[in-house]
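J.: Chains as they are written, first to last, in the working numbering: chain A, 85 to 341; chain B, 20 to 303. Glycine residues also receive a C-beta, built at the ideal position from the N, C-alpha and C atoms.
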Amino acid sequence: MSTAIATKPILDVRNLTKSFVLHNIDGRTVTGLHNVSFTVEPGQHLALAGTSGAGKSTLLRAIYRTYAPSSGEVWFRLSDDSVVNLAQISDPEIVALRGRQIGYVSQFLRAQPRRSVLDLVIRAGVSRGMNVADARELGILSLRRLNIGEQLWDVHTSVLSGGEKQRVNIAAGLISPPRLLLLDEPVSALDPENRESAIQLISELTHQGVAVLAVFHDLDAIARLATQIVVMQKGRIINNGPVDQILPLLHPGDVQP
Amino acid sequence: MSKIVIPDSVLKVSGLGKIYGPITDGAIERTGSHVGTARDYQTGSIVAAWDVNFEVAAGEALGIVGESGSGKSTVLRCIAGDIDSSAGDVRLATFENGESNLLSLDAATRRKMRIDQVSVVYQDPAEGLALGVTAGGNIADPLTAAGWRNFEGIRARARDLLQRTEVPLDRMDDIVRSFSGGMRQRVQIARALANNPRLVLLDEPTTGLDASVAAGVLDLIRGLLEEFELAAIVVSHDFSVIEMLTERCIVMHHGRVVENALTDQLLEDPHHPYSQKLVSAARA
């Protein structure tokens with residue numbers, strides 16, 4: 085759903101390029117992103133499509149600074165309406181934005197082997213500035229919504245199934261909605277019912293005004309969640325437009341992981 | 020100017036260096052990562068650490084990674100005052116308002132600062148604990164050094180700390196030598212927290228422990244760092260330890276800092292040739 089009033093983008097990526105210099109493999113350079121430019125506005129859900137190796141995950145990581153951008157700008161609008169270039173700000177500034185203003189949910193749970201499920205979700209909230217009681221309340225709410233039953237709350241995350249881990253990951257990542265949400269195949273390991281709950285949750289966030297940039301490996305999720313689609317190929321954007329324009333041009337093979 | 024609020028730093032380390040042996044002109048140029056050695060061939064001096072700079076905020080843990088002999092423990096021990104530094108400036112915001120260089124304090128002031136504000140957890144519990152003394156006695160030691168005199172008060176504090184670090188209370192009056200490696204490390208952590216330090220220095224805190232025991236100790240450390248909003252430095256050659264405890268880290272090689280990065284960035288996108296080698300070796 086696109087907003088009628090023109091809004092200022094939350095994310096404005098300009099000519100983003102990422103190259104990797106492999107010093108120990110004859111110093112060769114591999115370029116993962118070439119001059120990528122696009123914007124994401126509040127309440128927009130931009131889905132990244134493209135075959136394996138097109139650069140979708142690389143793009144998410146370069147925005148989150150897990151990869152250091154080689155050149156270009158990544159302008160991010162803060163809650164006070166000022167903008168900062170994520171490609172340039174200091175590491176402590178990135179740490180301060182992560183989790184609070186920029187969320188990242190991937191298909192993998194970043195392991196904290198001896199944490200219990202509820203504890204992990206509560207800590208995610210606390211790290212975003214909530215008090216423990218609020219974090220607990222909201223944490224329980226989102227675990228319930230994602231069908232993580234009470235009997236699993238005090239279990240260590242290491243013993244969960246892949247699908248359970250992924251839902252705990254989503255619950256922790258979304259406990260307090262960030263301004264920008266980066267999703268890297270967050271529902272890939274889920275069975276149909278749980279996938280449905282996760283999709284519902286993500287859809288609500290978009291309606292609340294969160295800007296979402298996501299990689300999904302199936303067209304159905306894209307059709308249901310995306311407002312815009314960016315198609316990538318070999319590290320470049322080859323198409324960018326509203327979902328109803330781009331979706332008919334895509335084949336299932338275009339969104340392979 | 021950016022509007023992002025970042026926590027003030029508690030610890031500021033600038034230009035820290037430690038040279039063993041005579042310091043001569045050109046020793047710095049003749050050593051380091053790019054030369055491939057910390058040893059100056061002209062004099063035999065070892066440049067164990069040089070030009071080390073970083074800051075750590077309250078509630079933040081900074082990782083220092085590198086292979087054995089890279090200088091990571093040297094840096095920690097210089098900050099702790101276990102060894103004298105050859106150069107540098109180390110300030111703690113919570114000590115004399117950050118106006119004093121810890122490296123140039125007289126011995127008595129330095130000892131007091133260390134008791135009140137800085138704790139070290141060593142890889143080898145024998146370094147941080149008196150093994151022939153009881154667990155309770157090991158914790159009483161820093162408390163009495165800080166001026167505690169009431170026996171019952173000291174016992175109560177020791178009990179509280181042992182409980183927090185998950186050491187069974189019925190072992191409080193046993194000598195530490197009778198403890199397992201994991202439990203010794205927990206006692207060492209309890210002792211390190213005795214005087215509510217602002218800065219905790221962890222030197223390979225889980226190396227040598229069984230994987231499951233190490234996971235428990237790591238979990239404990241992580242919880243305590245968060246709970247007490249401690250500033251911490253974690254030295255480890257084990258990336259899983261660094262990944263679990265830190266958001267930022269530095270990489271040392273032959274006594275120099277070769278990379279300074281977000282921890283996930285170091286693991287996924289290391290830049291320096293040595294960092295790339297280190298990460299790919301750890302991942303293999």
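Determine the direct distance from the alpha carbon of valine 120 (chain A) to that of serine 299 (chain B), and round the result to whole angstroms.
T.: If I take the Cα positions, the gap works out to 28 angstroms.
J.: If the cut-off is 8 angstroms on Cβ atoms, which residues from the stretch 266-287 of chain B count as contacting chain A, listed in chain order?
T.: Glu266, Arg267, Asn279, Ala280, Leu281, Asp283, Gln284 and Glu287
J.: Please compile the residues from chain B whose C-beta is within a distance smaller than 9 angstroms of the C-beta of leucine 267 (chain A).
T.: Close partners of leucine 267 (chain A) in chain B (Cβ separation under 9 angstroms) are lacking, with about 17 angstroms as the shortest Cβ gap.
J.: Establish whether the CB of alanine 76 (chain B) and some CB of chain A are separated by less than 8 angstroms.
T.: Closer than 8 angstroms: yes.
J.: Can you tell me which of B:Asp143, B:Pro144, B:Thr128 and B:Ala145 puts its alpha carbon nearest to the alpha carbon of valine 137 (chain B)?
T.: Taking each of B:Asp143, B:Pro144, B:Thr128 and B:Ala145 in turn and checking the Cα distance to valine 137 (chain B), the smallest one comes out for B:Thr128.
J.: Pick helix, strand or coil for phenylalanine 7 (chain B), following the three-state DSSP scheme.
T.: A query on residue 7 (chain B) cannot be resolved here, the shown segment of chain B reaching from 20 to 303 and no further.
J.: Which runs of the alpha helix (DSSP H) fall wholly inside the stretch 201-233 of chain A and span at least 4 residues, in chain order?
T.: 201-210 and 216-229
J.: How is the alpha helix (DSSP H) around serine 182 (chain B) delimited, first residue to last?
T.: The sequence as given places glutamine at residue 182 (chain B); serine does not occur at that position. Per DSSP, glutamine 182 (chain B) belongs to the alpha helix (DSSP H) from 170-183.
J.: On the criterion of 16 or more Cβ atoms from any shown chain inside 10 Å, does glycine 274 (chain B) qualify as buried, or is it exposed?
T.: buried
J.: Please list, in chain order, the chain B residues whose beta carbon lies closer than 7 angstroms to that of valine 97 (chain A).
T.: Under the 7 angstroms cutoff, chain B gives no residues; its nearest Cβ is about 18 angstroms from valine 97 (chain A).
J.: Below 8 angstroms on C-beta distance, what does valine 24 (chain B) contact in chain A?
T.: Ala180
J.: From the beta carbon of histidine 107 (chain A), is the nearest beta carbon of chain B less than 8 angstroms away?
T.: yes
J.: On the DSSP bridge assignment, give the partners of methionine 271 (chain B) in chain order.
T.: B:Val276
J.: Can you pull the chain A neighbours of proline 292 (chain B), defined as C-beta to C-beta under 7 angstroms?
T.: Those within 7 angstroms of proline 292 (chain B) in chain A are His107 and Asn108.
J.: Check whether the Cβ of phenylalanine 122 (chain A) lies closer than 8 angstroms to any Cβ atom in chain B.
T.: no
J.: Exposed or buried, what is glutamate 146 (chain B) when buried is set at 16 or more other beta-carbons lying within 10 Å of its beta-carbon?
T.: That one is exposed.
J.: Between which residues of its own chain and serine 33 (chain B) is the CB-CB distance below 7 angstroms, once the five residues before and five after are set aside?
T.: Asn72, Gly107 and Asp108
J.: Say whether the stretch 206-226 of chain B touches the stretch 48-58 of chain B, bearing in mind that this needs 3 or more beta-carbon pairs closer than 8 angstroms, one atom from each stretch.
T.: no
J.: Mind checking who isoleucine 240 (chain B) pairs with in its DSSP beta bridge?
T.: None; isoleucine 240 (chain B) has no bridge partner.
J.: Based on Cα-Cα distance, which residue from A:Leu285, A:Asn253, A:Gln172 and A:Arg279 lies nearest to isoleucine 206 (chain A)?
T.: A:Asn253
J.: Can you say whether glutamate 48 (chain B) is buried or exposed, counting buried as having 16 or more other CB atoms within 10 angstroms of its CB?
T.: exposed
J.: So, is phenylalanine 170 (chain B) buried or exposed, given that buried needs 16 or more other C-beta atoms within 10 angstroms?
T.: exposed
J.: Is proline 224 (chain B) helix, strand or coil by DSSP?
T.: coil
J.: Just to make sure I have the definition right: I need the residues of chain A whose C-beta is within less than 7 angstroms of the C-beta of lysine 37 (chain B). Which are they?
T.: Chain A residues near lysine 37 (chain B): none, gap ~25 angstroms exceeds 7 angstroms.
J.: For my contact list, proline 153 (chain A) and alanine 171 (chain A) are in at a C-beta cut-off of 8 angstroms; report their separation, rounded to the angstrom.
T.: 4 angstroms
J.: Please state whether the Cβ-Cβ distance between valine 260 (chain B) and valine 270 (chain B) is less than 8 angstroms.
T.: The Cβ atoms of valine 260 (chain B) and valine 270 (chain B) do not sit closer than 8 angstroms to each other.
J.: Residues of chain B with CB closer than 7 angstroms to the CB of alanine 298 (chain A), please, in chain order.
T.: Under the 7 angstroms cutoff, chain B gives no residues; its nearest Cβ is about 19 angstroms from alanine 298 (chain A).
J.: State yes or no: is the C-beta of valine 339 (chain A) within less than 8 angstroms of the C-beta of phenylalanine 300 (chain A)?
T.: yes
J.: Which residue or residues does DSSP assign as beta-bridge partners of asparagine 323 (chain A)?
T.: A:Val315
J.: Restricting to Cα atoms, I'd like to know which of B:Gly172, B:Val94 and B:Met132 is closest to alanine 112 (chain B).
T.: B:Met132
J.: In the stretch 72-104 of chain B, which residue ranges form an unbroken beta strand (DSSP E) of at least 3 residues, counting only runs that do not cross its ends?
T.: 80-84
J.: Do alanine 301 (chain B) and phenylalanine 247 (chain B) have their C-beta atoms closer together than 8 angstroms?
T.: Their beta carbons are not under 8 angstroms apart, which means alanine 301 (chain B) does not touch phenylalanine 247 (chain B) by this criterion.
J.: Is there a Cβ of chain B sitting closer than 8 angstroms to that of aspartate 164 (chain A), yes or no?
T.: Interface annotation, aspartate 164 (chain A): in contact with chain B, CB-CB separation under 8 angstroms.
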